[in-house]
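> Reminder that position 338 of the sequence shown reads as 407 in our numbering, one-by-one numbering, no gaps. Yeah, the Cβ is synthetic: ideal placement off N, Cα and C, and Gly gets one too. To start, I am sharing the structure in question, which I have written as C-alpha cells.
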Amino acid sequence: MNGEDDRIIVCRATRKYLRYILLWPCLSEELNPGKYYIAQTGIYFLVTFIAFLSILIHLAITISKNLEVPVMEDVSVLASIIGIYYMTVIYLKNQQKLANLLKEMSNFKNFGKPTNFDQKEEKFNLLSKAVFIYLLVSLTQYAALKFNQRGECEERNKIKGLNESCGYIVQLWTPFSTQNVVVYYSLYAYTFLAMQLLMKPNMLLTYNAFEITEHLILKIKHLNQMFYECFDNPDYEISGRRLSKCILYHIHIINLAKTLNECFSNGMLTHITITAIICACIGKQFTEGDHLCAILHFSGWISSLVFACFSGQQLINASESIPSAIWFSNWHEADIRLQRDVLFVLAKSQETFYLTAGPFNVLCFSLLVSVVKMSYSMLCLLTK
C-alpha cells in the first residue's frame with residue numbers, strides 16, 4: 070500500500086482466504102501485482118493441472134476399455150474443474166480492476182461512510198470465515214468418506230480384475246504403483262491439497278461478488294437517505310449543494326455497479342452453465358448409490374448458485390428503491406429551479422442495476438429456478 074488513499078478495508082477476510090489458495094496477491098501488491106503474483110498463480114495451475122490430467126486420463130481409460138467402473142463422479146469432477154479454471158482465469162484477468170473497485174469502495178472522503186458500514190463489514194468477514202470453514206470441512210469429509218471406501222474398492226478390484234486407485238479423494242490414473250505405503254500417503258496428501266485448491270475458488274469467488282454487491286447496496290441506502298434529507302432546508306444554496314452531492318454520488322454508484330458487472334459477468338455465465346451440468350451429473354451419481362459424496366458435492370455448487378442469484382436480486386431491488394427515496398423527499402417544497410433538476414434526476418434514477426451472467430442472463434431468483442429446471446432436464450436424459 071502506498072498511502073492512506075490506497076487502503077482497501079472491504080472484503081478483508083475474503084481477500085485473505087483467496088490469498089491462501091494463491092489467487093490474490095500479497096498486501097503490498099494488491100493494486101499493482103508483480104512477479105510474485107505471477108509466480109504464485111503459476112504454482113496454483115501447475116499443482117492443480119497434474120491432478121486434473123490424472124482424472125481425465127482415468128476417465129478416458131475407463132471409457133475406452135469399457136471397464137465396470139462408475140464414471141459420473143469423474144465427469145462431475147472434471148466439469149467442476151473446467152468451470153472453476155475458466156472462472157479463475159477471468160477473475161485473475163480482472164484482479165487489478167477488482168482491486169481498484171475495492172479501493173474506491175473503501176474511500177469515504179467525498180460522500181461519507183454509509184450507516185452501519187463497520188458492523189456490516191464485520192458481519193461479512195464472519196460469513197466469509199464460515200464459508201471457508203464450510204469448504205474445508207466439506208472437502209475433508211468427502212476425503213474421509215472416500216478413504217473409508219478403500220477396502221470395498223480393493224475388494225472390487227480383486228473380484229473384477231481392475232486396477233483402480235482406492236481411497237483417494239478422486240479417482241486417479243498414475244503411471245506408477247501406489248502399493249508402497251510412503252508412495253500411497255504422499256499421493257493421498259497431494260490429491261487432498263490439489264482438490265482443496267481446485268474446489269474452493271467456486272464458492273469464494275461467488276461469495277466475493279455477493280460481498281461487494283452488499284457493500285454497493287449499503288451505498289445505495291446511504292444515497293437514499295441523502296436524497297430523502299436533501300430538501301429539508303428551504304435555503305436554495307444549501308439544497309442546491311446537497312442535490313449536487315447526491316447527483317455525484319449517484320453517478321459514482323452507477324460507475325461502481327458497471328465495474329462490478331464487468332469483473333464478474335463472464336465468470337457468472339460459466340458458473341450457471343457448469344452448475345446445471347454438474348448438478349445433473351451429481352444426480353446421476355446419487356441414483357447409482359454414492360449418496361453422501363454426491364450430497365456434499367451438490368451442496369457446494371447449489372449454495373454458490375444461491376449466493377450469486379441472491380446478490381443479483383438484492384442489487385435489482387436496491388436500485389429500484391432510489392426513485393422512491395427521491396419522490397418521498399420534500400422536493401415539492403424546494404425552489405422551482407431545483408424542482409426542474411429533480412425531474413432529470415428522477416429520470417436517471419429509473420435505470421436498474423444488474424449483475425449479469427454474460428450478455429443474455431440477469432442474476433436473480435427466476436434465473437435460479439431456470440438453472441434448476443435445466444439441470445433436472447439433463448438428469449432425465451442421463452437416467453433414460
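1. Less than 8 Å separating the beta-carbons of Phe261 and Gly236?
2. For Ala416, which of helix, strand or coil comes out of DSSP?
3. Report all residues from its chain with a CB closer than 8 Å to the CB of Glu402; omit the five preceding and five following residues, and keep chain order.
4. Anyone know if the C-beta pair for Pro47 and Gln165 falls short of 8 Å?
5. Do three or more CB pairs link the segment 404 to 417 to the segment 357 to 374 at distances below 8 Å?
6. At 4 residues or longer, and completely inside the segment 97 to 150: list those alpha helix (DSSP H) runs for me, N to C.
7. Sort out for me which residues DSSP pairs Ala426 with in a bridge.
8. Less than 7 Å between C-beta atoms, sequence neighbours within five positions excluded: which residues of the same chain meet that for Leu167?
9. Determine whether the beta carbon atoms of Phe376 and Tyr276 lie at a separation below 8 Å.
10. Can you tell me whether DSSP reads Val239 as helix, strand or coil?
11. Alpha carbon to alpha carbon, what distance is there between Glu420 and Ile371?
12. In this structure, does DSSP put Val79 in helix, strand or coil?
13. Return the first residue and the last residue of the alpha helix (DSSP H) that Trp370 is part of.
14. According to DSSP, simplified to helix, strand and coil, what is Asp410?
15. Mind checking Ala485: buried by the 16 CB within 10 Å criterion, or exposed?
16. How about Tyr318 and Phe186: are their beta carbons less than 8 Å apart?
17. Please classify His291: is it buried, with 16 or more other beta-carbons within 10 angstroms of its beta-carbon, or exposed?
18. In whole angstroms, give me the CA-to-CA distance for Met70 and Asn232.
Answer, in terms of the structure:
1. Taking 8 Å as the Cβ cut-off, Phe261 and Gly236 do not qualify as a contacting pair.
2. Residue state, collapsed to three classes: helix.
3. Hits under 8 Å: Phe300 and Pro303.
4. Beyond the ends of the chain as shown, which are 70 and 453, falls residue 47; an answer cannot be given.
5. Result no; under three Cβ-Cβ pairs closer than 8 Å.
6. As far as the segment 97 to 150 is concerned, its whole alpha helix (DSSP H) runs of at least 4 residues are 104 to 133.
7. Partner(s): Asn430.
8. Excluding sequence neighbours, Leu167 sits near Cys332.
9. In contact: Phe376 and Tyr276 (Cβ atoms closer than 8 Å).
10. Here Val239 sits in coil by DSSP.
11. Straight-line spacing of the CA atoms in Ile371 and Glu420 works out to 30 Å.
12. Three-state result, Val79: coil.
13. Its alpha helix (DSSP H) spans residues His360 to Ser388.
14. Looking at Asp410 - three-state DSSP - the assignment turns out to be helix.
15. Outside the shown range of the chain, which is 70 to 453, sits residue 485, and nothing can be said about it.
16. Cβ atoms of Tyr318 and Phe186: not closer than 8 Å.
17. So His291 counts as buried.
18. Low confidence applies here, because Met70 scores a pLDDT of 41, under 50, leaving its location unreliable; read the following figure in that light. Taking the straight line joining both Cα atoms gives about 53 Å.
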